[in-house]
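In my numbering, the protein residues as written are 19 to 354. Below: one structure, written as structure tokens.
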Amino acid sequence: MSDQQRVILSLTLVVQTCTAALTAEKAYEESQHPLAILHRDLVSLLSLLYGAVTKVSLALKPSKPTYSAALAPLKDLSDHLSALFHCSRHFNDSHGATLRQEIDFLVKDAMEAIRALAQCFLDIESSGVRVGTGKAGDEYLVRTAASHNVLKRDISSTNLVAVQKRWKIYTSSLEDVYREVGEMIENADASEDPDDDLDDGWDELGLPKDEKLNPDELERTKKIYIMLRLLQALHKRILVENVSKSEATLDALASTSSDLLRGCDDLVATLYSPQDPAKIQKELTEFRSIISRLQSSLNPLQVQLANLTMESNDTKTGLNTPFALIYKALDSVIQP
């Protein structure tokens, strides 16, 4: 059997290994090793896979493949992929659901990226087309870069770190939502531009211009904007650090924060003109229940919450709970 044939078999094995991992039923195993050891093993496997991907990509450069040089790293690739899959099975709910989900997503993304790379090389071998520029736009280089991007991710070492990471992402997303509503208000408050009536080309594309908020819609949106400002400030100031709480408590924080962001998106989607008050009221009612769940999730952090202050009209107001102003702002819209 030639080296080229052996490479094709090895690439096929890589594809099959990835597919088996992606289609396997989720089942987590108990581990006798501490979390720190499991995390170290996971990071080591990612590093080994990164190196193997690099070597395979260099050896199988379409314009000048070196099949003999690709055999060893291809075997390493299959072995390390299997090891990565089995290592990930030892991260179970006892280590925290948020951490486990992060690792599940990592393994899924790694398997998909490396399978796509291996399939790319198989397609080249089957077609016999070996025209490659060696530039970043070549498909095999794009697939290699995608694999590298997944394999060099910073993986959380504990569930607390995973929750902190997710919390920061959601905080940033909430800031984007807050700015979006602010821009809606600015556009509605802006004076009429004499150039507004000029043809801007959107009609030719079949895309209508955004309608400005009418006075009633603007007033309603401003009230919601105040509530979002308070909520965004609270979320930003809750630093989930050095918290000696159960994994379930931490996971509840991450899950509720995700619901909060989704609720914000759904609410803001109803604010564009023409508004439907009934839909807004429905989203506000659901949103209030999410706020209530967030408050319950934060109950274990009451000592930290008691030291928070919220800003209203540029004046800091001490609160027994920072949710008081949020509920007040929310209810001003629900019950005007």
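Even glycine gets a Cβ: it sits at the ideal position worked out from N, Cα and C.
> Ends of the alpha helix (DSSP H) at Tyr345?
Replying inline: 341-352
>> Quick check on the burial criterion: 16 or more other C-beta atoms within 10 angstroms. Buried or exposed for Pro212?
In response: At Pro212, the pLDDT of 48 sits below 50, so the modelled position is not reliable and the matter cannot be decided from this model.
>> Short of 6 Å in beta carbon distance, which residues of its chain neighbour Ser75, apart from the five on each side in sequence? Order them along the chain.
In response: Counting only Cβ-Cβ distances below 6 Å, and skipping sequence neighbours, we find Thr162.
> With C-beta atoms as the reference, is Ile344 less than 8 Å away from Leu231?
Replying inline: no
> For Arg197, which option in Arg107, Arg311, Ala251 has the closest C-alpha, if you only look at C-alpha atoms?
Replying inline: Ala251
>> Assuming Asp294 and Thr303 are in contact, meaning their beta carbons sit under 8 Å apart, how far apart are those beta carbons, in whole angstroms?
In response: Incorrect: roughly 14 Å between the Cβ atoms, too far for contact.
>> Assuming Met202 is part of the alpha helix (DSSP H), what are its boundary residues?
In response: 177-207
> Three-state secondary structure (DSSP) at Arg311?
Replying inline: helix
>> I need the boundaries of the alpha helix (DSSP H) containing Asp294, first residue and last residue.
In response: Careful: Asp294 lies outside any alpha helix (DSSP H) and carries neither H nor E.
> So what's Met129 in DSSP terms, helix, strand or just coil?
Replying inline: Three-state DSSP puts Met129 in a helix.
> How do the region 129-146 and the region 191-207 stand: do at least 3 beta-carbon pairs fall below 8 Å, yes or no?
Replying inline: no
> Do Leu67 and His108 have their C-beta atoms closer together than 8 Å?
Replying inline: no
> What three-state label does DSSP hand Leu167 in the structure shown?
Replying inline: Here residue 167 turns out to be Asn, not Leu, going by the sequence shown. DSSP places Asn167 in helix when its eight states are reduced to three.
> When the Cα atoms are used, what is the spatial distance from Ser62 to Ile173?
Replying inline: 11 Å
> What is the DSSP secondary structure of Ala39, reduced to helix, strand or coil?
Replying inline: helix
>> Quick check: the Cα distance between Ser20 and Phe123, rounded to an integer number of angstroms?
In response: When rounded, the separation of the alpha-carbon atoms in Ser20 and Phe123 is 37 Å.
> Gly69 by DSSP, collapsed to three states: which one?
Replying inline: helix
> Alpha carbon to alpha carbon, what distance is there between Asn177 and Leu40?
Replying inline: 24 Å
> How should Ser307 be labelled, buried or exposed, when 16 other C-beta atoms within 10 angstroms of its C-beta is the threshold for buried?
Replying inline: exposed
> Are the region 26-36 and the region 78-93 touching, with three or more C-beta to C-beta distances below 8 Å?
Replying inline: yes
> The alpha helix (DSSP H) spanning Tyr46 covers which residue range?
Replying inline: From DSSP, Tyr46 is part of no alpha helix (DSSP H); its letter is neither H nor E.
>> Rounded to the nearest angstrom, what separates Ile203 and Phe139 at their Cα positions?
In response: 52 Å
> From this set, Tyr46, Ser315, Lys300, which residue's C-alpha is nearest Leu285's C-alpha?
Replying inline: Lys300
> Would DSSP call Thr288 helix, strand or coil?
Replying inline: coil
> Using the beta-carbon count (16 or more within 10 Å), is Arg247 buried or exposed?
Replying inline: buried
> In whole angstroms, what is the alpha-carbon distance linking Tyr18 and Leu60?
Replying inline: Nothing in the structure corresponds to residue 18, since the chain is present only between 19 and 354.
> What three-state label does DSSP hand Asp97 in the structure shown?
Replying inline: Asp97: helix per DSSP, three-state reduction.
> Can you tell which of Ser28, Glu229, His113, Arg280 has the C-alpha that lies nearest to the C-alpha of Ser49?
Replying inline: Selected option, being the one with the closest Cα: His113.
> Taking Cβ positions, are Val199 and Ile256 nearer each other than 8 Å?
Replying inline: no
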